[in-house]
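This report refers to the structure that appears directly beneath it.
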Amino acid sequence: MGQPFTVSLVSWHDGEPLLKSIREVVFIREQGVPAELEWDGLDEGCRHALALSHQGDAIGCGRMFANGHIGRIAVLPQWREKKVGTAIMEALLDYARAHDYKQVDVDAQTHAMPFYRNFEFVEQGKEFIDAGLPHLKMVLKL
Ligand SMILES: CC(C)(COP(=O)(O)OP(=O)(O)OC[C@H]1O[C@@H](n2cnc3c(N)ncnc32)[C@H](O)[C@@H]1OP(=O)(O)O)[C@@H](O)C(=O)NCCC(=O)NCCS
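To convert a position in the sequence shown, counted from 1, into my numbering, add 1138.
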């Protein structure tokens, strides 16, 4: 049986309300990221991955800059551990490979490092605090 969701790449222009609804729940309400940091004005310049359930509900997202910087990977709590996050990352990595990116990177929240290690991202540098949460830069050579 196939997965009960699909992931597609969208522009901010096309996906804004759905992408915002996920990030509002996960980053602002669940993780306590201040709204002014979450809405950093950089979304227009990114490719976005959007996961939709077969019912059409927005359940996960992520974004990637033209320089290969990946961020804002989020899956709604009730949809976690069902490989939605993996499918979002694969969609972004497929895009990066198709466009000849040499490497991608992510500022990983430290709790999520095992998630990124699954794609063979490796840690780089020291832990730092962003939006009040511990992070570490991780890099994947393509
Ligand atoms: C991190 C997150 C995106 C993972 O999404 P997900 O859909 O649950 O992940 P998947 O089901 O694809 O997980 C794949 C693997 O990643 C690992 N993993 C997933 N979530 C993890 C977590 N929170 N901590 C550590 N490892 C995790 C597991 O090894 C898992 O493999 P398994 O299913 O064989 O155990 C999701 O937990 C989330 O939205 N968290 C809150 C927001 C966040 O912290 N985002 C990351 C910002 S850097």
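Where a beta carbon is used, it is the ideal one built from N, C-alpha and C, also for glycine.
Item: Run of the beta strand (DSSP E) containing THR1248, from where it starts to where it stops; Value: It is not in any beta strand (DSSP E) - THR1248 carries neither H nor E in the DSSP assignment.
Item: Closer than 6 Å: residues whose CB approaches a heavy atom of ligand 1; Value: VAL1164, ILE1211, ALA1212, VAL1213, ARG1218, GLU1219, LYS1220, LYS1221, VAL1222, GLY1223, THR1224, ALA1246, GLN1247, HIS1249, ALA1250, PRO1252, PHE1253, ASN1256
Item: Beta-carbon proximity of GLY1223 to PHE1253, cut-off 8 Å; Value: yes
Item: CA nearest to the CA of GLY1194, picked from LEU1156, MET1276, LYS1275; Value: LEU1156
Item: Exposure of PHE1266, with buried meaning 16 or more beta-carbon neighbours within 10 Å; Value: exposed
Item: Cβ neighbour criterion (16 or more within 10 Å) applied to LEU1230; Value: buried
Item: Three-way DSSP call (helix, strand, coil) for ASP1152 in this model; Value: helix
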